[in-house]
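J.: Residue numbers (my numbering), protein chains in the order written: chain A, 657 to 1254; chain B, 608 to 872. Quick one: the structure is below, questions incoming.
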């Protein structure tokens, strides 16, 4: 057994990331491609013209990321206002009326899903996934570009329509112009969903049909795999929401008023409520497990100990999130009718726990000392279990672990919510689950942005701002989720707008109002912290650190093919065709090949 | 030739079809009904027969999908195509059409709510984008030479695009200017017509006298004029036409001499 065989067997990585040789250069001589590799034709050119005409997946991904960060800032501010309003349970202080409150309430909840989390992951995937699978571009790049613009147009229409008095229904009745604004909100929402569906098709097709030779599905990086699962789940479920919207729209414009009754009803919002409640809400968080598994292995400086198991767990998590049909809204409230819903709720924590266990196994895996692996003069390999503290404390490491912990908290809260004797349906426990899932996804998105920044924009993002963002958002998420979770046990209703709506009878009066008020104050602080965290992310994005000229191609010691590209990657991504992949960590393969050749 | 995935799902599909036929005949199917999906005779118990046949259809579809993509295995695809590496996604040429298409869909969505004209404009835009997009997609793969593809595409599309685009620009310009002329006062209309004529003449003279004029400058000038004309047209449409002389015919006497002219404000 050679040194490198030992290194491969133990799965340890070189301590110096720069020593990881690009598989494109290492093996290109041995297996020069005979056809079809289109090498980069030019470096990227900026400007408005390129933004309007580009077919490069990195530019397209950046359009998604910038749009989602902008929307995140706006939606987070709305979240703070809503939480401040909740403190005294009256929607009249800031929003001047129940209708306005309800409109922004809808904007926050549906906006977190359709304007922030989904586009954030779509953007990240659009940039990273093609490189991870060794492709020169995303599948259907023109469609991907059109989808990005459709998203921006849809977001503009939705936000403007809400500001013009629209939203997803009205509680106090509306004027004709406000009715038009509500209809505009619906078509804006439909455009958002359509854009995300098209982009999901592009991402999923890239993983399915543009993988480089040797990369079978079991060798696909965890993030790319999680995006394939997520895209499949989104493609299965989001068109149903689109169908919902079509029904509501036609009902609103002259139908019998079953769904689209906007005269003093929350029926429109309620029709879309299944999108933001468990188990469907977990569909947003599928990529969290992918980002976590991938970043954790890099942080541990070892190959993932349970790659196949991690893939299976991500698939299982995805499967459990396709359960909107089992929600009590559709099935009824009796124990028998909620059987599947309860089973989904109880099971969903398992894949998250499993993913954590798989990463723990990776950290616990004894490996040869990295320096020894690359130094033939060393007689023996020192086996070590040392933790890579620098990696753990990196922004991407912290964010990935924070994301999975918050997701774990969400699934536990969801587990408690389905336990029948407590009967927490319709309470703020439901809100706790959605908030925790949203911010777990946001943290994972931040981990991804910081981790792949050299490939997204050819920069490193500042660590200080990153840690500040993670601290604020993680603490904010815990405060928000924790406060809602506790309030739910004391009877606080999940739909705060009902406090002053016509349907007062729907309000569940808290058994301990003082405690609920304290919890509402905690939630307001949490929402404020999240805004501060988001500001830190935006500031870091606007002012990256380091010099592009001196930026390393693989600054973190990544293992997958995207780290074989230059930073920033040129058009076409790879300077040469990637060598045949023989494991899930192609860069480690190339180290072995190089050592064997020498 | 046939991949493992294909064999599995094709076999499953055949088994399900056999099962459906067997189930049909054993639950009251007659003549050729179970074999012809009810075209010649009864199929027996409808629900079970439909489910089995539906599953068979899905299995067959998946089988076709898998054999098309060679079980999504790049190595198998490369082997099938007789090359060492499957074709990577080529660099698709840059195009405005995705953005234009997105705006077209957006216009349709807004028009659906606010005004039929906007919806129709969006629809027309989407139709144009569909044609152009199809042609771009075809020409990108026409030959292995990027430049040859561009020439090929232009040879087919330019004879259509240039007249249509020209006619569209002229129609839009005429429409916008006519709105401005109708909205302006009598004297204003004369001034506007004069200014437009002079601008067109000046541009033409500039082009003829200085054929090497900076293209960016020329583009910017044309763009500015176009934006000004369009903006003027939109404003004039919103403002409405000025009041005109109204000629009323005395129908009772049917006498053309009794036409009264009324001067508006």
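Each residue gets a CB set at the ideal place from its N, CA and C atoms; glycine is no exception. Since we're looking at a predicted model, the values are computed, not measured.
#1: So, residue 667 of chain B versus residue 617 of chain B, is the Cβ gap smaller than 8 Å?
#2: Against chain B, with Cβ distances strictly below 8 Å, would residue 782 of chain A count as a contact?
#3: If you drop the 5 nearest sequence neighbours on each side, which residues of the same chain put their C-beta closer than 7 Å to that of residue 1181 of chain A?
#4: Please list the terminal residues of the continuous alpha helix (DSSP H) segment that includes residue 801 of chain A.
#5: Exposed or buried, residue 698 of chain A, counting other C-beta atoms within 10 Å across all chains shown (16 or more means buried)?
#6: Going by C-alpha to C-alpha distance, which of A:758, A:873, A:861, A:858 sits closest to residue 830 of chain A?
#7: In the DSSP assignment, find the unbroken alpha helix (DSSP H) run with residue 785 of chain B in it and report its ends.
#8: Interface residues of chain B around residue 805 of chain A at Cβ under 7 Å?
#9: For the pair the segment 1075 to 1084 of chain A and the segment 1046 to 1056 of chain A, tell me if three or more CB-CB distances fall below 8 Å.
#10: Keeping to the same chain, check which residues put their C-beta closer than 7 Å to that of residue 749 of chain A; ignore five residues upstream and five downstream.
#11: Is it right to say residue 947 of chain A is buried, meaning 16 or more other beta carbons lie within 10 angstroms of its own, or is it exposed?
#12: How about residue 732 of chain B and residue 716 of chain B: do their beta carbons lie closer than 8 Å?
#13: Can you name the residues that DSSP bridges to residue 1201 of chain A?
#14: Below 8 Å between beta carbons: does that hold for residue 1129 of chain A and residue 735 of chain A?
#15: From the DSSP output, in three-state form, read off residue 1235 of chain A for me.
#16: Can you list the residues of chain A that residue 700 of chain B reaches, using a CB-CB cut of under 8 Å?
#17: What does residue 836 of chain A reach in chain B if we use C-beta pairs closer than 9 Å?
#18: Have a look at residue 752 of chain A and residue 742 of chain B and give me their C-alpha separation to the nearest angstrom.
#19: Given residue 627 of chain B, which residues of its chain have a CB within under 6 Å of its CB, disregarding the five upstream and five downstream residues?
#20: In whole angstroms, give me the CA-to-CA distance for residue 1091 of chain A and residue 1020 of chain A.
#21: Let me check one thing: in DSSP terms, what residues is residue 826 of chain A bridge-paired to?
#22: Should residue 829 of chain B be labelled buried (16 or more other beta-carbon atoms within 10 Å of its own) or exposed?
#23: Output, in chain order, the set of chain A residues within a Cβ distance shorter than 8 Å of residue 740 of chain B.
#24: Would you please verify whether the beta carbon of residue 970 of chain A is less than 8 Å from any beta carbon of chain B?
#25: Starting from residue 875 of chain A and walking both ways along the alpha helix (DSSP H), at which residues does that stretch end?
#26: Count the other CB atoms, across all protein chains shown, that sit within 10 Å of the CB of residue 1240 of chain A; report buried if there are 16 or more and exposed otherwise.
#27: On the three-state DSSP scale, how would you describe residue 958 of chain A?
#28: Along chain A, in chain order, which residues have C-beta atoms closer than 7 Å to that of residue 612 of chain B?
#29: Taking Cβ-Cβ distances shorter than 9 Å, what residues in chain A pair up with residue 716 of chain B?
#30: In chain B, which residues lie with their C-beta within 8 Å of the C-beta of residue 708 of chain A?
#31: If you run the structure through DSSP and keep just helix, strand and coil, what is residue 1158 of chain A?
#32: Going by other Cβ atoms of all chains shown within 10 Å of its Cβ, with 16 needed for buried, is residue 625 of chain B buried or exposed?
#33: Between the segment 1223 to 1234 of chain A and the segment 801 to 809 of chain A, do at least 3 Cβ pairs fall closer than 8 Å?
#34: Which of the three DSSP states is assigned to residue 729 of chain B in this structure?
#35: Chain B partners of residue 1047 of chain A, CB-CB under 9 Å?
T.: The short version:
#1: In this structure, residue 667 of chain B sits near residue 617 of chain B, with a CB-CB distance shorter than 8 Å.
#2: Against chain B, the CB of residue 782 of chain A has no partner CB under 8 Å away; the residue lies outside that interface.
#3: 1135
#4: Segment 797 to 819, the alpha helix (DSSP H) holding residue 801 of chain A.
#5: For residue 698 of chain A, the predicted model reports a pLDDT of 43, less than 50, meaning its position is unreliable; a value from the coordinates is still stated below. Per the 10 Å Cβ criterion, exposed.
#6: A:758
#7: 753 to 790
#8: 705, 706, 709
#9: no
#10: Close CB contacts of residue 749 of chain A within its chain, under the 7 Å cut and outside five residues either way in sequence, are with 741 (chain order).
#11: Sixteen is the threshold: when 16 or more other Cβ atoms of the shown chains lie within 10 Å of the Cβ of residue 947 of chain A, as they do, the residue is buried.
#12: no
#13: A:1116
#14: no
#15: If DSSP states are grouped into helix, strand and coil, residue 1235 of chain A belongs with coil.
#16: 711
#17: In chain order, 720, 721 make up the part of chain B whose C-beta sits under 9 Å from the C-beta of residue 836 of chain A.
#18: 53 Å
#19: For residue 627 of chain B, where only same-chain residues beyond five positions count, the Cβ hits under 6 Å are 656, 659, 660.
#20: 32 Å
#21: A:921
#22: With a 10 Å radius around the Cβ and a threshold of 16 neighbouring Cβ atoms, residue 829 of chain B comes out exposed.
#23: 798
#24: no
#25: Neither: residue 875 of chain A is in no alpha helix (DSSP H) and is coded neither H nor E.
#26: buried
#27: strand
#28: Within chain A, no residue comes near residue 612 of chain B; the closest Cβ sits about 11 Å away, beyond 7 Å.
#29: 809, 810, 813, 840, 843, 844, 846, 847
#30: 703, 706
#31: For residue 1158 of chain A, the pLDDT reaches just 38, beneath the cut-off of 50, and the residue's location in the model is therefore unreliable, although a value from the coordinates is still provided. Coil at residue 1158 of chain A, not helix or strand.
#32: exposed
#33: no
#34: helix
#35: Per Cβ cutoff of 9 Å: no residues; residue 1047 of chain A is ~32 Å from chain B at best.
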